[in-house]
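Residue 189 in this note's numbering sits at position 189 of the sequence shown, and the numbers go up by one each step.
In what follows, a structure is listed as structure tokens, so that the remarks can point back to it.
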Amino acid sequence: MLRSDTTKRYAGRHTGFAVAVVSTFTFAAAPPAYPGARLVGDLPRAAKTPLESLPGVDTEYGVLNTSDGAKLRTLVTRPQGRNGRLPAVQFVQWLSCDSIEIAPGAQDGWSRMLRRLVTDSGALVLRTEKSGVGDSQRGPACSALDYDTELADHRGALRYLRARPDVDPQKIVIFGASMGATYAPLVARNERVAGVIVWGGGARTWYERQLAFDRRAMELSGRPATELSQAMLLHAEFQWLYLQERLTPGEIAKRRPDLAGVWSEIVGTSADLHYGRPFAFHWQAQRQDWAAAWSQVNAPVLVLLGEYDWFEDPRSAELIARIVNARVPASAQFHLIPGLNHHFALYPSAEAAFKEQGGQPAADRAMDVLIPWLRRRLE
């Protein structure tokens, strides 16, 4: 559940509930941009880069003020020439600290996916930058941002979106991608939303997901079969102490010297971070009950997963649809998109996808399923 490269796109201070404050927008001088892009509010650009601008779309750079004092950059896009209240999409992003802006000329799978979402959905689309990323100010660095704080920010973003005068509050779809697929049900539960879409995520616990992630990494990297069973026993014990008992890797090594080598075997780890995020992020993720949250989502659901997405188990993704359909039959769909990996790239095999060799961006394969479903929900 990361974004770019093998270990990216997978949130620190407290568990307080961030409250969105809809700012009184004032126009400010903006960096050069194409027609249709503007900067509003009191949050300046962090760098002298052009504002994102796409054909046929008006783009507004705004700000989400949270109750803990953070100022998060928002990007709101809407079809040009459309007036009045529009149906809307809240995009909830990945785990890593990558920006939600679409870089000029970017042709990677994620950028192509976002470009299709913005230009083809016919909806107003809200993206909210994480604390410490891009133009966002006054919050923690992304590398210190925990899961609960980021969840509060996404909930605040939904309130901000619903309160906008140009949004139809009865026609909002939440789209969670990668780690955003775990936030989506927590944001949507018991809310009036028109639908929920997830890409690259599942409903199992973080502990279960991490063990399956470790197993697939070992298998696809070519680790000898004679080592797999013993290695997984060590990983299972380590991950339990780490995620459930909330011990740091250093504390685990002191308590269990036989597990000292496990941390360095896990993809995406460093001395003090895991996928670029603090240990507290992962401890809090383990506390979440995503299956229960999905059982409280009162909306149609679309679940998408790439066939060669080794980050997530297809059965965990399919579980989302089974949970939702148990409550309201035929209200959820699960689609396994042939050949795609986690990053919307097409590969000939699972092994090639793991090594990221020979892949080609192919976001349209997923978006050709997503866009028609989304437009039906927002009619």
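Think of the CB as a built atom: it goes at the ideal place given N, C-alpha and C, for glycine as much as any other residue.
Here the structure is a predicted model, which is why all the values come from computation and not from measurement.
Counterpart residues of residue i in DSSP-defined beta bridges
i, result
"arginine 127", "Leu75, Phe91"
"tryptophan 199", "Ala177, Leu304"
"glutamate 60", "Arg38, Val76"
"arginine 277", "His274"
"phenylalanine 334", "Val303"
"alanine 152", "Beta-bridge pairing links alanine 152 to no other residue."
"alanine 383", "A query on residue 383 cannot be resolved here, the shown segment of the chain reaching from 1 to 379 and no further."
"isoleucine 172", "Ala88"
"glycine 259", "First, the amino acid is wrong: residue 259 is leucine here, not glycine. DSSP lists no partner for leucine 259."
"valine 340", "Reading off the sequence, residue 340 comes out as leucine, not valine. Beta-bridge pairing links leucine 340 to Leu346."
"threonine 269", "His274"
"glutamine 167", "It should be pointed out that residue 167 corresponds to valine in this sequence rather than to glutamine. Valine 167 pairs with Leu86."
Between the CA atoms of residue j and residue i - distance to the nearest angstrom
i, j, result
"leucine 72", "glutamate 52", "17 Å"
"glutamate 219", "serine 229", "11 Å"
"alanine 293", "arginine 189", "6 Å"
"alanine 350", "arginine 45", "40 Å"
"leucine 247", "leucine 241", "6 Å"
"alanine 30", "alanine 184", "Annotation note: pLDDT 39 at alanine 30 (below 50); position unreliable, no value reported."
"asparagine 325", "glycine 261", "42 Å"
"arginine 204", "threonine 226", "28 Å"
"phenylalanine 334", "isoleucine 323", "11 Å"
"tryptophan 290", "valine 369", "24 Å"
"threonine 119", "glutamine 80", "10 Å"
"glycine 250", "serine 264", "12 Å"
"glutamine 93", "leucine 211", "23 Å"
"tryptophan 373", "lysine 171", "14 Å"
"alanine 353", "phenylalanine 175", "24 Å"
"arginine 365", "arginine 256", "46 Å"
"alanine 345", "glutamine 360", "5 Å"
"asparagine 83", "proline 278", "43 Å"
"cysteine 142", "glycine 276", "8 Å"
"proline 50", "arginine 287", "40 Å"
"alanine 332", "glutamine 239", "32 Å"
"serine 270", "threonine 182", "23 Å"
"lysine 130", "alanine 362", "26 Å"
"alanine 194", "lysine 254", "50 Å"
"histidine 154", "leucine 259", "36 Å"
"methionine 367", "glycine 132", "29 Å"
"lysine 355", "serine 221", "8 Å"
"serine 316", "glutamate 101", "29 Å"
"glutamate 237", "glutamate 245", "11 Å"
"glutamate 307", "arginine 216", "14 Å"
"glycine 358", "tyrosine 347", "7 Å"
"leucine 158", "arginine 85", "16 Å"
"alanine 144", "aspartate 108", "27 Å"
"leucine 43", "arginine 327", "43 Å"
Sub-8 Å separation of residue i and residue j beta-carbons
i, j, result
"alanine 321", "valine 301", "yes"
"leucine 124", "arginine 78", "yes"
"proline 87", "leucine 378", "yes"
"leucine 151", "tyrosine 207", "no"
"leucine 64", "threonine 128", "yes"
"arginine 375", "serine 121", "yes"
"glycine 36", "valine 57", "yes"
"aspartate 313", "glycine 202", "yes"
"tryptophan 199", "leucine 273", "no"
"aspartate 214", "isoleucine 266", "yes"
"valine 89", "valine 173", "yes"
"alanine 299", "valine 187", "no"
"phenylalanine 91", "leucine 39", "no"
"glycine 134", "serine 99", "yes"
"serine 178", "leucine 114", "no"
Endpoints, the beta strand (DSSP E) within which residue i is located
i, result
"leucine 39", "37-39"
Start and end residues, alpha helix (DSSP H) containing residue i
i, result
"glutamine 239", "225-239"
"isoleucine 323", "314-327"
"isoleucine 252", "249-255"
"glycine 109", "109-120"
"arginine 216", "206-220"
"alanine 141", "Counting along the chain, alanine 141 falls outside any alpha helix (DSSP H), and DSSP gives it neither H nor E."
"serine 96", "No alpha helix (DSSP H) contains serine 96, which DSSP labels as neither H nor E."
"valine 297", "First-last for valine 297: undefined, no H or E at that position."
"glutamate 101", "Neither: glutamate 101 is in no alpha helix (DSSP H) and is coded neither H nor E."
CB contact check: residue i to chain D, cutoff 8 Å
i, result
"arginine 138", "Of the chains in the structure shown, none is chain D; there is only one protein chain."
Closer than 7 Å: residue i CB and nearest the ligand HEM heavy atom
i, result
"valine 196", "For the ligand HEM, the structure offers nothing, since it holds no ligand at all."
Would you check if the region 127-138 and the region 66-76 touch, i.e. whether three or more CB-CB distances between them fall below 8 Å? yes
Would you call the region 157-177 in contact with the region 273-288, where contact means no fewer than 3 C-beta pairs closer than 8 Å? no
Taking three-plus beta-carbon pairs below 8 Å as touching, is the region 228-247 in contact with the region 338-358? no
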